[in-house]
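Asker:
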Amino acid sequence: MTELEKLRAGLEFDFTDPEVDALKLNAVKLCQKLNAVDVTDYAAKEKIIRELFGSAGENPVVLPVFNCDNGKNIHVGDNFLANYNVTILDIREVKIGDNVMIAPNTLITTINHPLNPLGRRKHLGVAKPVEIGNDVWIGANVTILPGVKIGNNVVVAAGAVVTKDIADNSLVGGIPAKLIKILPNDVGE
Numbered sequence: 000m001t002e003l004e005k006l007r008a009g010l011e012f013d014f015t016d017p018e019v020d021a022l023k024l025n026a027v028k029l030c031q032k033l034n035a036v037d038v039t040d041y042a043a044k045e046k047i048i049r050e051l052f053g054s055a056g057e058n059p060v061v062l063p064v065f066n067c068d069n070g071k072n073i074h075v076g077d078n079f080l081a082n083y084n085v086t087i088l089d090i091r092e093v094k095i096g097d098n099v100m101i102a103p104n105t106l107i108t109t110i111n112h113p114l115n116p117l118g119r120r121k122h123l124g125v126a127k128p129v130e131i132g133n134d135v136w137i138g139a140n141v142t143i144l145p146g147v148k149i150g151n152n153v154v155v156a157a158g159a160v161v162t163k164d165i166a167d168n169s170l171v172g173g174i175p176a177k178l179i180k181i182l183p184n185d186v187g188e
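Read in order, the letters of the sequence shown correspond to residues 0 to 188 in numbering that gives the first Met the number 0.
1) Work out the CA separation of residue 89 and residue 54 for me, nearest whole Å.
2) I'd like the list of long-range same chain contacts for residue 94, defined as Cβ closer than 6 Å, with 5 residues on each side in sequence excluded.
3) Can you look up residue 21 in the DSSP assignment and give me helix, strand or coil?
4) Along the chain, where does the beta strand (DSSP E) containing residue 177 start, and where does it finish?
5) Which value, in whole angstroms, describes the spacing of the CA atoms of residue 155 and residue 9?
6) So residue 33 packs on residue 51, CB below 8 Å; how close in whole Å?
7) Give every residue of the same chain whose Cβ lies closer than 6 Å to the Cβ of residue 85, excluding the five residues on either side of it in the sequence, and list them in chain order.
8) Assuming contact is defined by CB atoms lying nearer than 7 Å, are residue 26 and residue 69 in contact in what I supplied?
9) What number of angstroms, rounded off, separates the C-alpha of residue 144 from the C-alpha of residue 96?
10) Let's see if you can read the secondary structure: which residues bound the beta strand (DSSP E) around residue 170?
11) Give every residue of the same chain whose Cβ lies closer than 7 Å to the Cβ of residue 43, excluding the five residues on either side of it in the sequence, and list them in chain order.
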């Protein structure tokens, strides 16, 4: 298997492989282009978002400075907002539903590395997709780790580190993020 095939199969892969690295370099270039556009030029920003992301619904808004690892693995629904300094390490898929707001300085990552030094010296990574439902508000300075699934109508409190799946209608916070309370859902499922 190539390193890219290993990555896509959820196996350990060499993240310095030229084929894998090419994905990142393309994303870096498009992120630079996106971040350089005047924030009031909505049409130009949306055009670049659609070029960068795998898919985007209506009204995608991404404020500077935005960074990602691939871009094509990011799929967002309608009314998506990524506020300032959001990073999505999308070496694997990141699926985000409708009406999702991501506050400043948030990191969503699909990549992890071995705990043993030999694996890290070999530049190994392993990636798992992330899914975020509809009507989610992710507070400032949140970190969402690989493989996490966040349900619908979820609020992640500022500063939380999400290490496990979050059920629908939940307010979570802390390190690691834990359920604080069940939220009402006034729009239904």
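Even glycine gets a Cβ: it sits at the ideal position worked out from N, Cα and C.
Answerer: The answer reads as follows:
1) 13 Å
2) 74 and 130
3) It is helical.
4) 177-181
5) Answer to the nearest angstrom: the Cα atoms are 27 Å apart.
6) 6 Å
7) 65, 101 and 105
8) yes
9) 18 Å
10) 169-172
11) Answer for residue 43: 36, listed in chain order.
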